[in-house]
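J.:
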Amino acid sequence: MSTKPRTVEAARTEILSAIAEVRAAARLGRDEQRAHTADWLDGLFADVSDRRGLREASAQGLTLYRGGMGSFRDVGYAAAGHAVDRLYAALRRGRSWFLRNS
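To convert a position in the sequence shown, counted from 1, into the working numbering, add 649.
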């Protein structure tokens, strides 16, 4: 990982890319629930423009990972597993206090 400070926009772009990967994996696996969740996540990050907003949206997104069996993280195929793990990592980075606004 780079030691350079990251910007809010770079972190938001990474999260949106991970959401798109979740959506693509959901289509591939005909997983309507994850596809709807990807739409919900897109809405969370639509108007994010500062660190506070990114931290709040990321925290909301991370609530998907609290469940047990049958939760968002409980996937049955490799493409979805990779996408869900990538999204989790991106959302965790979105919670950073070290992101610059620009």
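Even glycine gets a Cβ: it sits at the ideal position worked out from N, Cα and C.
Thinking C-beta only, is alanine 667 closer than 8 Å to leucine 736?
T.: Their beta carbons are under 8 Å apart, which means leucine 736 touches alanine 667 by this criterion.
J.: With a floor of 4 residues, list each alpha helix (DSSP H) that falls wholly inside the stretch 654 to 687, ordered by position along the chain.
T.: As far as the stretch 654 to 687 is concerned, its whole alpha helix (DSSP H) runs of at least 4 residues are 657 to 677.
J.: Less than 8 Å between the C-beta atoms of arginine 679 and alanine 729, yes or no?
T.: It is not a contact, given that the beta carbons lie outside the stated cut-off.
J.: Would you say glycine 692 lies against chain D (beta-carbon separation less than 8 Å)?
T.: Absence of chain D from the displayed structure is noted, only one protein chain being present.
J.: Could you tell me which residues DSSP pairs with arginine 749 in its beta bridges?
T.: Thr656.
J.: Cβ atoms of glycine 743 and leucine 690: under 8 Å apart, would you say?
T.: It is not a contact, given that the beta carbons lie outside the stated cut-off.
J.: Is the beta carbon of arginine 672 sitting closer than 8 Å to the one on phenylalanine 694?
T.: No, Cβ-Cβ distance for arginine 672 and phenylalanine 694 is not below 8 Å.
J.: What is the DSSP secondary structure of glycine 730, reduced to helix, strand or coil?
T.: Looking at glycine 730 - three-state DSSP - the assignment turns out to be helix.
J.: Relative to the alpha-carbon of threonine 746, which residue among Asp699, Arg715, Asp734 has its alpha-carbon at the smallest distance?
T.: Position check: residue 746 holds tryptophan in this sequence, whereas threonine was assumed. Closest option to tryptophan 746, Cα to Cα, is Asp699.
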